[in-house]
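Student:
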Amino acid sequence: MGSTKWTEDQLKAITTRECNLLVAAAAGSGKTAVLVERIIRIITNEENPVDIDRLLVVTFTSAAAAEMRERIADAISKALEVNPNSKVLQRQLTLLSRANITTMHSFCLDIIKNHYHVINLDPTFRISDETENTLLKLEVINDLFEDYYESEDEGFRNLIEAYSSSKNDDKLKDIILDLYRFSMSGPWPEKWLIDSAESFNINNIEDLDNTPWIQILKESIWIEIDGYIKTLEKAIVIIEETEGLEAYLPTFSDELEMFKRVLNSLDNGLQEIYKEVSNISFGKLKAVRKNNVSDLDALEIVKSIRDSIKKKTAKLIEDSFSMPIEGALEGLKNSYPYMKMLSKLTLEFISRFKDKKREKNILDFNDLEHLCLKILINNEEERDSEVVTGEKNNEELKPSNVAISFRDYFDEVLVDEYQDSNNVQEAIIELVSRKKLENPNVFMVGDVKQSIYRFRQAKPELFLDKYNNYSLEAGGRDGKIQLYKNFRSREEVINGVNYIFKMVMSKTVGELEYNDEESLNLGASFKENEDDNVEIAGPIELHILDKSGIEVEGINEENSIEDNEGDNGEEEDVDSITLEARIVASRIKELMLPENKDKVFKVLDKETGEYRELKYKDIVILLRATRNWSEIFLEELGSFGIPVYADTGSGYFETIEIRTIMSLLKVIDNPMQDVPMISILRSPIVGFSAEELGDIRLLSKDKYFYEIIKEVTEDIHEVNDELKNKCKVFIESLKKWRRKSIYTPIDEFIWYLYMDTAYYGYVGAMPNGKLRQANLKILFQRAKQFENTSFKGLFNFINFVNKLRNSSGDMGSAKVLGENEDVVRIMSIHKSKGLEFPVVFTSGFGKQFNLMDLNKSILYHDDLGFGPDYVDLERRNSYSTLAKEAIKKKILYETLSEEMRILYVAFTRAKEKLIITGAVKDLERSINKWMTAAALDNEIIPASEVIKGKNYLDWVGMALCKHRDGEELRKVLGNKSSLIINDDSIWKVNLWTKNKLTVDKDEVAVDENSEDELFINSRIDYIDKEIERRLGYNYKYRLAGGLPSNVSVSDLKKALYEHEDDSIMTVNIFKDKEVLKPKFLQEKRGLSASERGTAIHFVMQRLDLSKVYTKEEIDNQIYEMKEVSLLSEEEVKVIEKVNFLGFFKSELGNRMLSAFKSGNLVKRELAFYTEISSLNVDNSLPKEVYENEKVRLQGIIDCIFEEDDGIVLLDYKTDYVEASNEYKIIDKYRVQLKYYKEAVEKITGKKVKESYLYLFGIGKEALL
């Protein structure tokens, strides 16, 4: 369909049927277009059309599913324009709304909703949010530990002593929670936990030889030794070709044979390997006379090679054979009781957590896939007998009747982004498809080189297994098609990407050999540039900052968690990040305003097909992690006058208002914490200046700030009167807050702090004040949720927030920026996936990889189980077990492979120009390391060297040291290498120092205004014409300028109150309002009627409905509200006179309380938004223009409650009214309740049977 010209391979992917088909689609290969076209052709096939609802299309995200649905709808609509009478097309368009185009979680949820009875699930379940989930987990694990403490279980106490700190048991709790999270990513978590523990039940060395740990250790030894062999072979070639080095040949040859023997021994058991490794020794090199050596550089190279191998061999022996085999076996056997108890605790946690969720009738996202799997497998017994997916063990998963019905129903199952599937999803796909049957029907598309979600338990091995085993030949049951033509990028970008990854990507690091078959092929067509004054594309640029000589001001990022993109706790130095940002800023400025004014950089406009000048929005800066980095880049680019935007990803918990309140809570809980203490002292809550804090610190350098401030108030230290007074006020406030925190529920205490410190009002006056206050309200609501659990107290709440934050439960949302905003974007590489930009900067390439997880006391892996440190409680020491060393190696390879794929994603975002920046601590030392790695092989960088890379810059640097264009790097070391590759890619290397950047920044500051002036003057004529055009524009909807975007129900009621019919008049909505004095200038004369009404509504919202049966109960609640500053003294005096009890004793109040006691819906203060016609707001507008224009109507409904036959709507009125005028007030509010009724019915989907006013002034209800 359509006019798209498909390649031969794309056409095969679109049309191949009746098989399992894996489509390996490289970056920019048109994957989504191919998938959509395949679906369109299936559902519009003239001979055998398939209804679209008989396809299952699984996407990675909801946004991708929505886009897929939209593309299919557009394609069908266009086809209908050509063939409007087609019944097939009309039917498919009708069926599209119920088509199974969905994420895996949504598909699982649908199965559970439709088959809940199979697993005895209450159909009224709901999905819990992350906050509720975290609270439940904390509650369950605390109860679990409490029970084990009471049982005095010896195994439990030993586990606590071995894997928790001496202060508390938090570390072991964290291990269990983390182990729970990890195990739930597999299909059979309980089975995995049991097997992982039992793998330590080893009796002898023969048993040990059969464990998967030994195979991993053999593989890691093989990688190292193979690297040594290749290196020595290279050295021997140099020796043979260099006159005067003949004396070295016997020693190098003997050592080469020695390593070959070690390599051959890897086919044997562990004892034989250990014996061979123990025999490794290095002889003494014979002396050579330098005067007789024809090439002294060659002499240095072979000597450095040998020295390097000797050091690496010592490290290899230390890592792999740190103790005798018998000792390693003993450590594993002794770890068995620990691992068995750990498994038991985690299993019991899983069971209790399930029970707790069932008790509350909730599910979490983990449950969706696992319960779906339970429904789809024949029975629970068979499910538990499976260890992993059927495919992995060459076993068939036995489908239930539900699964069989899906197999029969779906004509084809199509999986997008297949490289990001996990084992659970793989099992579900297998069960609902005919993947293993005679008529297979699974279509999988993705790119394993872009699998970057292992931290979410994605399993690229699933893709790789099929990729390595499926056939390229047509006609088989399992086929493979490769789409490696890139239709996105220029040849300059593609050649550079191919060169780097041919050099460094391998099965060891990257899990795929990047050879000619895997390379990107040019598919995009770019118009030739015929203008000598225009610059396009150009070489890929590498800019390296030498940090030596830069003073470091540290930022510790150890708590960074962005898409699991935190660093490894290294100190990031602000100055070097700033200077790297300056490199980027200066390069952007050059591209936008080149020094050579006759040479302008342009990019191809995809709409017009012509070259145009570069815009800021064409540029993106990609960072591995944006935390801290993006803020510095924003500031530095801004100083260059560059419009820039960053989605920092810092989220809710990183906003200044939440950080401040959390710091205050931490100080109240424990004032002996200097970091939160300084934060509070500097905040507007306390208001110390930086100078005052410096003066306080100088009084005593060894004490906490709290101790020093307290001593100031006790006259132990002499300070000026102003500072002393500040200290006294703070200490008194802190005492008051700490006393209050002891007996006040945490939610009420937080609200009390907002009011007592006036911080809530303060943030409201800041930019985005409403948003900041909303953030504080969210924290208050989270505290309210927390208060409803068994946890109590400030310490536990702080701990809860920390766990919520660290479990990616950040409640913040990303900022939204229109795609047409002309600004430079800054984003993480993960967020850039699927996007493309004409000019891409990949920055921060000197930032180290995050390998912090390797330092945990217990590691775990889905294939290898547990990897603990063994803790000897008697000797009070611990050491890494052989299992841990194996798992550490495996995780290291997998982590580096993930980083390799992330690098690939970053580079392949570029359409026309790629610019790389990074910083090194010592340029000469770094280049020496890169040159050494580059010299070890004629064609690639050996995997053993790639593994040693600490960051992306190491990998790129190693590759470029071999490249023809790497001369700038080689010159630093005197240009010693002769291994130069003449690749088609073109590179330009720039080396930067601090001094050079400082000078450049000064020059930019001087020249900036003149450049900007030229830039503006060149567009004066255009601007003049544009102003004239815009001022002369006659806007069709100009009368709507007086319409509000939002209107409240109260506004509409005010507009109507003079009229008796239900038409809406505008006379009062837009009436000029009297200009009032600010409240602080007004004379206070008690509460206004409005303030009185607000207070009454507040009380009715907050009252605990289980305690409103006597006046005393109600008065006590009102008093408690006053105590925590939810009500003022003045408000209490007024509302004490209100007869709240009268309402609850009334017939209507009794009905509401009955609904509450029965567990029916009772909702107070229900906010709503809906749309109404603009003509309802202003009926003077021209109907023909504004008939379909909408205005958003908003309001808050006081109360609704549900009875058996419908919903009752209730609105409280505090107006004074005489009983004889009751009918007037009913008429006054009739329209208001009409809109409330419509809103409730829309929100709940249920009928409102009655609407009432309750008139507090006369204590009477009125039915409308």
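Numbering (my numbering) for the sequence shown: 2 to 1265. Glycine is no exception: its CB is placed at the ideal position from the N, C-alpha and C atoms.
What separation, rounded to the nearest whole angstrom, lies between the Cα atoms of V604 and A525?
Tutor: Roughly 14 Å separates the two Cα atoms.
Student: Closest by CA to D670, which one among T896, I679, N721, I743?
Tutor: Of the candidates T896, I679, N721, I743, the one whose C-alpha sits nearest the C-alpha of D670 is I743.
Student: Among residues of its own chain, excluding the 5 on either side of A198, which ones have a beta-carbon nearer than 6 Å to its beta-carbon?
Tutor: Excluding residues within five positions, the ones whose Cβ falls inside 6 Å are M340, K341, S344.
Student: At the level of alpha carbons, what is the spacing between I1021 and P839?
Tutor: Any reading at I1021 needs caution, since the residue's pLDDT is 46, under 50, leaving its predicted position unreliable; the model's value is listed next. For I1021 and P839, the distance between alpha carbons rounds to 27 Å.
Student: I'd like to know whether the C-beta atoms of V403 and M959 end up nearer to each other than 8 Å.
Tutor: No, Cβ-Cβ distance for V403 and M959 is not below 8 Å.
Student: Helix or strand or just coil, what does DSSP make of H106?
Tutor: In the structure shown, H106 sits in a helix (DSSP, three-state: H, G or I).
Student: Can you round the beta-carbon distance between S986 and N496 to whole angstroms, since I take them to be within the 8 Å contact cut?
Tutor: At roughly 4 Å, the Cβ-Cβ gap stays under 8 Å, so S986 and N496 are in contact.
Student: If I follow the unbroken beta strand (DSSP E) through G958, where does it start and stop?
Tutor: Segment 953–963 is the alpha helix (DSSP H) holding G958; no beta strand (DSSP E) there.
Student: Nearest to P251 by alpha carbon, out of E837, L267, E234?
Tutor: It is E234 whose Cα lies nearest to the Cα of P251.
Student: Excluding the 5 residues preceding and the 5 following E1132 in the sequence, name in chain order all residues of the same chain whose CB lies nearer than 6 Å to its CB.
Tutor: Closer than 6 Å at the Cβ level, and outside the excluded window around E1132, lie A1096.
Student: Quick check: what's the CA-CA separation for N134 versus E38?
Tutor: Using only the alpha carbons, I get a separation of about 41 Å.
Student: Less than 8 Å between the C-beta atoms of G845 and R625, yes or no?
Tutor: Cβ distance < 8 Å, so G845 and R625 count as in contact.
Student: Around the Cβ of T103, are there at least 16 other Cβ atoms within 10 angstroms (buried) or fewer (exposed)?
Tutor: Buried.
Student: Short check: CB of F706 to CB of I751, under 8 Å?
Tutor: No, the pair does not count as a contact, with Cβ atoms beyond the cut-off.
Student: State the Cα-Cα distance for the pair K704 and A647, rounded to the nearest angstrom.
Tutor: Roughly 40 Å separates the two Cα atoms.
Student: Which residue's Cα is closest to the Cα of N522: L1127, A26, E1262, Y1213?
Tutor: With distances taken between Cα atoms, N522 lies closest to A26.
Student: Below 8 Å CB to CB, which residues in the same chain sit around I1197 once its five sequence neighbours on both sides are set aside?
Tutor: Contacts found: E1166, L1167, A1168, F1169.
Student: Between the C-alpha atoms of F283 and K972, what's the straight-line distance to the nearest angstrom?
Tutor: Cα-Cα distance, rounded: 33 Å.
Student: How is the beta strand (DSSP E) around D547 delimited, first residue to last?
Tutor: Note, D547: beta strand (DSSP E), 541–547.
Student: Looking only at C-alpha atoms, which of L1142, K88, F654 sits nearest to E1?
Tutor: Because the chain here runs from 2 to 1265, residue 1 falls outside it and cannot be looked at.
Student: Does the region 203–222 come close enough to the region 908–915 to have 3 or more Cβ pairs within less than 8 Å?
Tutor: Taking 8 Å as the limit for Cβ pairs, the verdict is that the region 908–915 does not touch the region 203–222.
Student: For the alpha helix (DSSP H) containing K235, list its first residue and its last residue.
Tutor: Its alpha helix (DSSP H) spans residues 213–242.
Student: What would DSSP say about T17, mapped onto helix, strand or coil?
Tutor: Coil at T17, not helix or strand.
Student: At least one CB of chain C closer than 8 Å to the CB of L1142: is that the case?
Tutor: Absence of chain C from the displayed structure is noted, only one protein chain being present.
Student: Sort out for me which residues DSSP pairs E25 with in a bridge.
Tutor: Reading off the sequence shown, one finds Ala at residue 25, where the question assumed Glu. The partner list for A25 (beta bridge, DSSP) reads G447, Q483.
Student: Once you ignore the five residues that flank L543 on each side, which residues in its own chain have a CB closer than 6 Å to its CB?
Tutor: Answer for L543: I917, V990, listed in chain order.
Student: Between the beta-carbon of L377 and the beta-carbon of I128, is there less than 8 Å?
Tutor: No.
Student: Quick one: which unbroken beta strand (DSSP E) runs of 3-plus residues sit fully inside the region 639–727? Chain order, please.
Tutor: List check, beta strand (DSSP E) in window: 645–647.
Student: Measuring CB to CB, does S858 end up less than 8 Å from Y871?
Tutor: No, Cβ-Cβ distance for S858 and Y871 is not below 8 Å.
Student: Nearest to V263 by alpha carbon, out of I240, G1160, W223?
Tutor: For the residues I240, G1160, W223, the minimum Cα distance to V263 belongs to W223.
Student: Suppose the cutoff is 6 Å on Cβ atoms and the five residues either side in sequence are ignored; what does the same chain contact list for I662 look like?
Tutor: If we look at I662 and ignore the five residues flanking it on each side, it has no Cβ neighbours.
Student: Please report how far the alpha carbon of R683 lies from the alpha carbon of A766, in whole angstroms.
Tutor: In a straight line, the C-alpha of R683 is about 18 Å away from that of A766.
Student: If you reduce the DSSP assignment to three classes, tell me which class E1262 lands in.
Tutor: DSSP places E1262 in strand when its eight states are reduced to three.
Student: Quick check: what's the CA-CA separation for D568 versus M1153?
Tutor: With a pLDDT of 43 at D568, under the threshold of 50, the modelled position of this residue cannot be trusted; read the value that follows with caution. C-alpha separation (whole angstroms): 54 Å.
Student: Have a look at I226 and S186 and give me their C-alpha separation to the nearest angstrom.
Tutor: Roughly 35 Å separates the two Cα atoms.
Student: Counting along the chain, where does the beta strand (DSSP E) carrying G868 start and finish?
Tutor: Here the beta strand (DSSP E) through G868 covers 866–873.
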